[in-house]
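Chains as they are written, first to last, in the working numbering: chain G, 2 to 228; chain B, 96 to 323; chain Y, 96 to 323; chain D, 229 to 446; chain W, 229 to 446.
Every residue, glycine too, gets a C-beta built ideally from N, C-alpha and C.
Treat the numbers as computed from the prediction; the structure is a model and nothing was measured.
Heads up: the structure comes next, in structure tokens.
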Amino acid sequence: MKMLRVGRWITAIGLVLLAGIYVRALAYTPIEASQGLAQKIFYLHVPAAIWAESAMILVGLASIFYLFTKDPRLDRFAAASAEVGAVFCAVVLTTGPIWGKPIWGTWWTWDARLTFTLFLFLLYVGYLLLRSAVTEPATRARFAAVLGICGMCEVPFIHLSVYMFPTLHPMPIVLQPGRPKLPGSMLETWALSLGVFTLLYVGFVVQRYALSYLREQLEAAGEVGHA
Amino acid sequence: MRSPDLLRHAWAVAAKDLLVEFRSRTAILSVAVFVVLVLVVFNSARDPTAVSNVDLAPSILWVTFTFAAILALNRAFQIELENQALEGLLLAPIDRSSIYLGKLIANLVFVATIELIGVPLLALFFNVQVLPFLLPLIAVIALATVGFVAVGTLFSAMTVRTRFAELLLPVLLLPFMIPPLSWAVLATGRLLAGRPLSETLGWLNMLAVYDFVFVVLAVLLFPATVNE
Amino acid sequence: MRSPDLLRHAWAVAAKDLLVEFRSRTAILSVAVFVVLVLVVFNSARDPTAVSNVDLAPSILWVTFTFAAILALNRAFQIELENQALEGLLLAPIDRSSIYLGKLIANLVFVATIELIGVPLLALFFNVQVLPFLLPLIAVIALATVGFVAVGTLFSAMTVRTRFAELLLPVLLLPFMIPPLSWAVLATGRLLAGRPLSETLGWLNMLAVYDFVFVVLAVLLFPATVNE
Amino acid sequence: MLRAEALRHSFGAVRALDDVSFSVQPGQTLAVFGPNGAGKTTLLKVLAGLIQPQRGRAQVDGGRRAIGWIGHQPQLYAQLTVRENLRFWASLYDVTPPGELLARLGLEEHADRPVRALSRGLVQRVAIARALTHDPTVLLLDEPFTGLDRVAAEALSRLLGQHTAAGRATVLVTHNVEEGTGLATDVAFMRAGRFVHFAPRAGRGPEQVGEEYRDAIA
Amino acid sequence: MLRAEALRHSFGAVRALDDVSFSVQPGQTLAVFGPNGAGKTTLLKVLAGLIQPQRGRAQVDGGRRAIGWIGHQPQLYAQLTVRENLRFWASLYDVTPPGELLARLGLEEHADRPVRALSRGLVQRVAIARALTHDPTVLLLDEPFTGLDRVAAEALSRLLGQHTAAGRATVLVTHNVEEGTGLATDVAFMRAGRFVHFAPRAGRGPEQVGEEYRDAIA
Ligand code: HEM
Ligand SMILES: Nc1ncnc2c1ncn2[C@@H]1O[C@H](COP(=O)(O)OP(=O)(O)OP(=O)(O)O)[C@@H](O)[C@H]1O
Ligand SMILES: Nc1ncnc2c1ncn2[C@@H]1O[C@H](COP(=O)(O)OP(=O)(O)OP(=O)(O)O)[C@@H](O)[C@H]1O
Ligand SMILES: [Mg+2]
Ligand SMILES: [Mg+2]
């Protein structure tokens, strides 16, 4: 199917560009003074984190519109976005500890940002579990939409959690009210890698969307064949 | 639909639920003993020399309430499944939101009963002072309970019709319970440690915002969980 | 009744239970997430600065297993109530003890699965070493689990036909769970603290005796709980 | 009063409704006969709005308030007494349960017993009372005679007759061709999700309908 | 084959069985008729040993292995398929489920569907298959025709006829006097826990039995 191929291409391009970003990051961007090389993981960690949260917002928005229009495409998009969001969330949850070990001296602590990110991941897992636990497509879509909207409303609480708890994790640097405080070339590299992650997000979502569309077609065909 | 109707029907649903619960005369007794046992488990399941009481009290209080709430939530829709009474409710010419509100009221009464029994027991078993901070403590408990019971009632309406509802419900629910729960634990900890009230006001505000967002959301979204 | 028959029928009952559980494909995954959530709740519900990890790990491990076991036990007889299949089992020309044994096997498999997932997660989250003590730890867990699942299966056969089974079961069960549980917690604590194995042997012996007494008792008493 | 337009619904690979269209006017009673698994229950659930059909449209004048429903399950709370159950369901319709209904269904002496202690036939009577408390104008009945003894079955027939005479619409699903034909003004045969016959009864007796049914299904 | 001696049983204040004695010999089919709440289900449960009567004694030759039971509830696991259910129940009786039973009950095409997805009548057929897999010599049947369509009801009648011809004993509870009398060699009327009539059918037709029943109950 065409869409699936398009999605694969976008993903492939994204992955190549990501490699490029790291060449740039390692070779041409200054080494952060206090953290050394470990800071390089920043370019993986932060864009992934931003997309992990944005994907949930997009799930929620698609869900709201789904409840009004009952358009199955929106449901399919929400499912695809949740799967990709779960992957990005997993990336954050692996890069974070890898970064944390040299900086904090521990893989994991139970501070608010880390815990809430873990729960964002579990929210994705729950969303996908719920989808697999309901077999009837219309019911599945409605239940998933309800959970998706609730999940969307949960994201601001997670994002702001650093302000509410004493935490080891850095305060927002880029996505904060006021001006970003980041040296120019780091900011540039960061912006590029955010762009690449956007590409990856789109590529993955297009693929998952196409796959679930194909599966539905197959189910429908099986039904006709049987009757 | 006019809103007095909404409330009247919600109350009818809640009153019926509470009557069903009340019919089994063992209910209150069981809940009481249940709380006692959970507290005892926590006490005897830890090495008494290693950890001090006051530090653990808030966590144990809230873990107890959480589990009790999950049990209660599961029951709420189980009652309706027994003889397909849920279909009857869905056929009735009432606003679907009133089914949700009714279930919410019944669950709140149920969980509040547990908490009413749990707090004095906790004070007794862990030898912590609660009387001086009673009002703010009640405020914390009430706000946190409303938040997670509201979301929980919404989700239990969905999971009850899936297999493994008992396991799926906590999976879906706990990400939403963690924020109010952690605020509540921190606030309770401050209160029991005798810190000034102003330190907990921030948590109370957060709890109130959370409650507001999710109660409104739940009332709006509930119809989507029951329309077939 | 010859004993090969007893075991064959017990296995038939257990296999059917496990098949029913397995049919919902989400089962194992849900259990895994459930364990994660319980562990996380314990962690985030406490003030991270106040209590150290290694002291709490055994208690949390055992409280988690306890709650998971109670959920599992409730399911065991709930399955039989749905279409009055329990009456069918009672009508079948099989020794009533084989119904009990079958349920026991199914419950043990279920709880063992949870534990298999829970222990590595605990090691991961609490940053405690389990590999050096793996064998004795498995022995402690196995012995304690058999003890309380044996009693729990017996009691769930009784409470399932009362309302509020979910609340009544722990009420009856926990007094019997407290002894093996507290031995298991103490033994686990010693193990994780790296103390010599000889220190835990006493607990292991106690657990083994407890298991023996209650499994025999439960097999003998079960017929009395189901005869109408 | 009641209209179904090109209803289609499948459960996975099983087609439960396959292009069913009909309408029932006030004063009509449509008896639907069909083998097990033909889709009769599914049809009633779609008419009641309990299942959203995948294609087509079902409409009942007066909406949910107008519907009286008797299904395969009694929709009662086993822990509550008969009276409490009826009072609860009536309160959702903003009415008070008519007292004489209990008497007509022979439930008076059981009114204060919990439903879980009643025998199957008594429970079915309570389910009938439940469905009729709010004086519905459209009745959707799925094998309502199940478990009833003679006296109760006759009482139900009489109730349904009065209901039709008062200008209400009924859809009645049953496997008992005799009972069904006796009450029907219209007859439909259903097979594999389709109406294979749908016509006014027009004076046909149970034997004739039964024979036609046998032929249509075979 | 089957003996009941002075059975008495009360649920609280309700006397469900009040001094019931009878016996059924091989080749006999006892049809029990009675109004709702008369105690028919209670009688069958006592015979099967599911309820210990407060007075009296029930005895079945051959014990539990000899009994085939169809009750108000199907006693099936909703998540398992038809075949899996039958295989499980058969394994408790140390037999393998006879394949032709599925065919005779028209269940072949549904054999691999989970029971929860079946319609009421199909579930009832599975319950019948379940009760007959181990070739029981005493059948206790509580309204076994419930929800069955014509074809299935005829298949069941034929099965029961063969069963009786093969020298087995049956107790059949039903509200359908016609169906019940057709299969019966003996007839009993039950009211308020008592047998008010118990005699061989002796060539009486359904009309005559129906009339006598009406008189006995009134
Ligand atoms: C251990 C697991 C970790 C997790 C789960 C985690 C999670 C997150 C998340 C969710 C964000 C997105 C913030 C937002 O935009 O809302 C983020 C951003 C960030 N993280 Fe982490 N993190 C972890 C470890 C670390 C470590 C060890 C460091 C470095 C010391 C770090 C540094 C940052 C920085 C600098 C940002 C960007 C903040 C901003 O500009 O918004 N993280 N992290
Ligand atoms: N929830 C469901 N999931 C899957 N299949 C279903 C479901 N409900 C019904 N079916 C299937 O749809 C078909 C029609 O079922 P339905 O209950 O409408 O039959 P029916 O005509 O009422 O039969 P009966 O006379 O046995 O009650 C059957 O094959 C049934 O197995
Ligand atoms: N578990 C129970 N608890 C209390 N009362 C019961 C119980 N089971 C039966 N009864 C009562 O005993 C009486 C006889 O019940 P039973 O089920 O035997 O009647 P039945 O003849 O089978 O009626 P039906 O034709 O309606 O099935 C009824 O009044 C019933 O309410
Ligand atoms: Mg049906
Ligand atoms: Mg009966």
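Any chain B beta carbon closer than 8 angstroms to residue i
i      : result
G:F66  : no
G:F89  : no
G:I58  : no
D:G267 : no
G:A134 : yes
N- and C-terminal bounds of the beta strand (DSSP E) containing residue i
i      : result
G:T95  : Not the beta strand (DSSP E): G:T95 falls in the alpha helix (DSSP H), residues 73-105.
W:Q303 : Looking at the DSSP string, W:Q303 is not in any beta strand (DSSP E), and its letter there is neither H nor E.
W:P428 : 422-428
W:H237 : 230-239
D:A366 : In the sequence as displayed, the identity of residue 366 of chain D is Val instead of Ala. That run of the beta strand (DSSP E) goes 366-370.
G:V24  : Segment 3-29 is the alpha helix (DSSP H) holding G:V24; no beta strand (DSSP E) there.
B:D190 : Careful: B:D190 lies outside any beta strand (DSSP E) and carries neither H nor E.
Short CB-CB distance (under 8 angstroms) between residue i and chain G
i      : result
B:V246 : yes
B:L276 : no
B:Y305 : yes
Residue-chain proximity (residue i, chain D), Cβ-Cβ < 8 angstroms
i      : result
B:A187 : yes
W:E382 : no
W:S319 : no
B:G67  : Because chain B is modelled from 96 through 323, residue 67 of chain B falls outside the range shown and cannot be assessed.
B:V321 : no
Range covered by the alpha helix (DSSP H) that runs through residue i
i      : result
D:T257 : Note, D:T257: premise wrong, no alpha helix (DSSP H); beta strand (DSSP E) at 257-261.
W:S249 : Note, W:S249: premise wrong, no alpha helix (DSSP H); beta strand (DSSP E) at 242-252.
D:T398 : First-last for D:T398: 397-401, but that is the beta strand (DSSP E), not the alpha helix (DSSP H).
W:A340 : Looking at the sequence shown, residue 340 of chain W is not Ala but Asp. Where W:D340 is concerned, there is no enclosing alpha helix (DSSP H), given that its DSSP letter is neither H nor E.
D:R315 : 310-320
G:A142 : 138-160
D:V405 : 405-411
Residue-chain proximity (residue i, chain W), Cβ-Cβ < 8 angstroms
i      : result
Y:V308 : no
D:H425 : no
Y:V204 : no
D:L350 : yes
Y:A180 : yes
Y:E294 : no
D:N264 : yes
Coil, strand or helix - residue i by DSSP
i      : result
W:G267 : coil
B:P231 : helix
D:S347 : coil
B:V223 : coil
W:R292 : helix
W:D443 : helix
G:A53  : helix
W:G284 : strand
Residue i at chain Y interface by Cβ criterion, 8 angstroms
i      : result
W:Q436 : no
Could you name the residues, in chain order, whose CB is less than 5 angstroms away from a heavy atom belonging to ligand 3?
Ordered along the chain, the selected set is D:A345, D:L346, D:S347, D:R348, D:G349, W:F239, W:V242, W:A244, W:N264, W:G265, W:A266, W:G267, W:K268, W:T269, W:T270.
When you check each C-beta in the segment 272-291 of chain W against every C-beta of chain Y, which residues fall closer than 7 angstroms?
Residues A276, L278, I279, Q280, G291.
Contact set between the segment 369-380 of chain W and chain D, restricted to residues whose Cβ is under 9 angstroms from the partner
D370, E371, F373, T374, G375, L376, D377, R378, V379, A380
What residues in the segment 236-261 of chain D bring their beta carbon closer than 7 angstroms to a beta carbon of chain W?
F239
By the 9 angstroms beta-carbon criterion, what residues does the segment 383-400 of chain W contribute toward chain C?
Structure shown: chain C not included; protein chains present are G, B, Y, D and W.
Under 9 angstroms (Cβ pairs) to chain G, residues found in the segment 262-273 of chain B
L263, V266, L267, L268, L269, P270, F271, I273
Check distances from the C-beta atoms of the segment 96-111 of chain Y to those of chain W and list, in chain order, the residues that come in under 7 angstroms.
From the segment 96-111 of chain Y, only H104, A107, K111 have a Cβ closer than 7 angstroms to chain W.
Give me the subset of the segment 402-426 of chain D whose CB atoms are less than 7 angstroms from a CB atom of chain W, sorted by chain position.
H403
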